[in-house]
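One line per chain: the protein sequences are G and R, in this order. The first sequence maps to residues 1 to 193 in this note's numbering. The second sequence maps to residues 1001 to 1193 in this note's numbering. Let me begin by presenting the structure, written as structure tokens, before commenting on it.
Number of protein chains: 2
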Amino acid sequence: MKKSLGAQTLVYPTPVFIIGSYDAAGKPNAMTASWCGICNSQPPSVAVSLRKATYSYDNLIARKAFTLNIPSEDQLKVADYFGLVSGKNTDKFAHSGWTTVRGEKADAPYLKECPLNLECRVLHVFDLGLHTQFVGEILDVKADESVMDRSGLLDIKKVKPIIFAPDTQGYYSLGSFLGRAFSTRELPKVEKG
Amino acid sequence: MKKSLGAQTLVYPTPVFIIGSYDAAGKPNAMTASWCGICNSQPPSVAVSLRKATYSYDNLIARKAFTLNIPSEDQLKVADYFGLVSGKNTDKFAHSGWTTVRGEKADAPYLKECPLNLECRVLHVFDLGLHTQFVGEILDVKADESVMDRSGLLDIKKVKPIIFAPDTQGYYSLGSFLGRAFSTRELPKVEKG
């Protein structure tokens, strides 16, 4: 039996990403966002939605660039903090002890402490209502050697990304390997009732 | 030490959603997609990117509506299958035994078997390159009573959403509860080096 829960922003999984940017004067900021996702394969692009009231919104408009940083579950407190306070009136870096590195490809700072960092330049800005969506071309992905295996592939179990449940506002860890994608060309025959 | 992995569509977590739609003649289709995410709070909206070559693309253009269905990890094989074969030349429903229900709010069919279903109407269509992004207003969320608790809230541990690692093409389960969001207004004082 299905129950209606009404019109709400509810999907599982929702990501926990930290958006890095410079303001017009060159001061770095970091803000946690979950209204995000890959949106295109060619050019490789990721969509990030921000409210116009945020400091980061002004930064992305001014610089046309951002980084997307993926925190590990060990970094949950900092990720949560970066989503709660505004860089307008708080020095998030002094309080967290986290450090930024100037991007090589994009005019934005990435977070050294996060295991995975994407450098992006803004290709499109779509005003959707409360949120504005920034579509960024992914110019480079950087990863800590500590989360890669010997063959140079990332190990998601070492990255330990955080999963967010938007309705109950809970954070969850990544679980176990379930199977290989693009492997089910046929299903077992269905019994006719 | 950071290593560059080049320009690629790589974030963790990436979702596994099944997009439901009708074609111009009213035939239902279901297609698995991962280039998706919530993109706006008001109006509540979700973004879904599809390649123009897909059957579902034509359906969303024709009907201006879709459903977003969240499969459980127990349904991994069907979700994987729905992403591999095309409804143009295969009857996915006959092969899977899955059934559709006409949406109450949107001109699209939802998948009865999935624990969570969103009904959406297309507000925007953005041509981004290989993929076209459909921004859908979420008109209703429906859930199986079996994944809700006594107070009517969803239990993500019962939904058991699937997480996709796009680089290594692996599927993963949801892990354990880590903490409550929006709770870290202050961080422990950082030791100065």
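Ideal placement from N, C-alpha and C gives every residue a C-beta, glycine not left out.
Quick one: residues in its chain with C-beta nearer than 7 Å to the C-beta of residue i, no 5 flanking neighbours on either side, listed in chain order?
| i | result |
| --- | --- |
| L76/G | I162, Y171 |
| I1138/R | P1044, S1045, V1046, L1118, C1120 |
| L1111/R | I1018, G1020, A1030, N1069, W1098, T1100, N1117 |
| Y12/G | A165 |
| L130/G | R51 |
| Y57/G | L50, R51, T132 |
| F1082/R | I1018, A1030, M1031, T1032, K1092 |
| R1102/R | P1109 |
| N1059/R | S1021, Y1022, D1023, N1029 |
Use the C-beta contact count for residue i: other C-beta atoms within 10 angstroms, 16 or more gives buried, fewer gives exposed.
| i | result |
| --- | --- |
| R185/G | exposed |
| L154/G | buried |
| T99/G | exposed |
| P1109/R | buried |
| G1006/R | exposed |
| L190/G | According to the sequence displayed, residue 190/G carries Val and not Leu. Looking at its Cβ environment, which holds fewer than 16 other Cβ atoms inside 10 Å, V190/G is exposed. |
| K1015/R | According to the sequence provided, residue 1015/R is Pro. The question's Lys does not apply to it. Label assigned to P1015/R: buried. |
| K52/G | exposed |
| S183/G | exposed |
| D1080/R | buried |
| A1094/R | exposed |
| S1049/R | buried |
| G941/R | Look at the range of chain R in this structure, 1001 to 1193, and you will see that residue 941/R is not part of it. |
| A181/G | buried |
| G26/G | exposed |
Name the DSSP beta bridge partners of residue i, please?
| i | result |
| --- | --- |
| G83/G | DSSP lists no partner for G83/G. |
| V135/G | A47/G, H124/G |
| D1140/R | E1119/R |
| P1161/R | S1072/R |
| R102/G | P109/G |
| F1177/R | Y172/G |
| A1154/R | Checking the displayed sequence, the identity of residue 1154/R turns out to be Leu instead of Ala. DSSP, once it has assigned bridges, lists M1148/R as partnering L1154/R. |
Quick one: what's got a C-beta closer than 6 Å to residue i's C-beta in the same chain, skipping five residues either side?
| i | result |
| --- | --- |
| Q124/G | The amino acid at residue 124/G is misidentified as Gln; the sequence shows His. V135. |
| D1140/R | K1105, E1119 |
| P115/G | S72, D144, V147, V159 |
| V78/G | S96 |
| F1126/R | Q1133 |
| T168/G | none |
| E113/G | W98 |
| K3/G | none |
| D149/G | D155 |
| K1142/R | N1117 |
Spatial neighbours of residue i within its chain, please: CB distance less than 8 Å, with the 5 preceding and 5 following residues excluded, ordered by chain position.
| i | result |
| --- | --- |
| A1047/R | C1036, G1037, I1038, C1039, Q1133, F1134, V1135, G1136 |
| T9/G | W35, P166 |
| D107/G | Y22, R63, K64, A65, R121 |
| Y55/G | D23, N29, M31, S86, G87, K88 |
| I1156/R | L1174 |
| P1074/R | The amino acid occupying residue 1074/R in the given sequence is Asp; Pro does not appear at that position. Once the five neighbours on either side are set aside, the close Cβ partners of D1074/R are K1160. |
| L1128/R | S1049 |
| I61/G | V125 |
| T1067/R | I1019, G1020, S1021, G1103, A1106, A1108, P1109, Y1110, L1111, N1117, L1118, E1119, C1120 |
Do residue i and the ligand GDP come close, with the Cβ less than 6 Å from some heavy atom?
| i | result |
| --- | --- |
| D1091/R | In the structure shown, the ligand GDP is absent, as is every other ligand, since no ligand is present at all. |
Exercise for the section: Check each residue of the segment 1056-1082 of chain R: if its Cβ is closer than 8 Å to any Cβ of chain G, include it; give the result in chain order. Expected result: L1068, I1070, E1073, L1076, K1077, V1078, D1080, Y1081
Handout entry: Inside the segment 2-84 of chain G only - beta strand (DSSP E) runs reaching at least 3 residues
Key = 2-6, 17-22, 28-33, 36-40, 45-51, 65-70
Handout entry: Chain-ordered residues of the segment 2-31 of chain G with a beta carbon less than 8 Å from chain R
Key = K2, K3, S4, L5, G6, A7, Q8, T9, L10, V11, Y12, P13, T14, P15, F17
Exercise for the section: Mind checking the segment 1162-1182 of chain R against chain G and listing, in chain order, the residues whose C-beta falls within less than 9 Å of any C-beta there? Expected result: Taking a C-beta cut-off of 9 Å against chain G, the contacting residues of the segment 1162-1182 of chain R are I1162, I1163, F1164, A1165, P1166, D1167, T1168, Q1169, G1170, Y1171, Y1172, S1173, L1174, G1175, S1176, F1177, L1178, G1179, R1180, A1181, F1182, listed in chain order.
Exercise for the section: Can you give me, in chain order, the residues of the segment 1125-1154 of chain R that have a beta carbon less than 9 Å from any beta carbon in chain G? Expected result: F1126, L1128, G1129, L1130, H1131, T1132, Q1133, V1135, E1137, I1138, L1139, D1140, V1141, K1142, A1143, D1144, E1145, S1146, M1148, G1152, L1153, L1154
Handout entry: Residues of the segment 40-51 of chain G with Cβ closer than 7 Å to any Cβ of chain R, in chain order
Key = N40, S41, Q42, P43, P44, S45, V46, A47, S49
Exercise for the section: Give, in chain order, every residue of the segment 93-105 of chain G whose Cβ lies closer than 7 Å to some Cβ of chain R. Expected result: From the segment 93-105 of chain G, only H95, S96, G97 have a Cβ closer than 7 Å to chain R.
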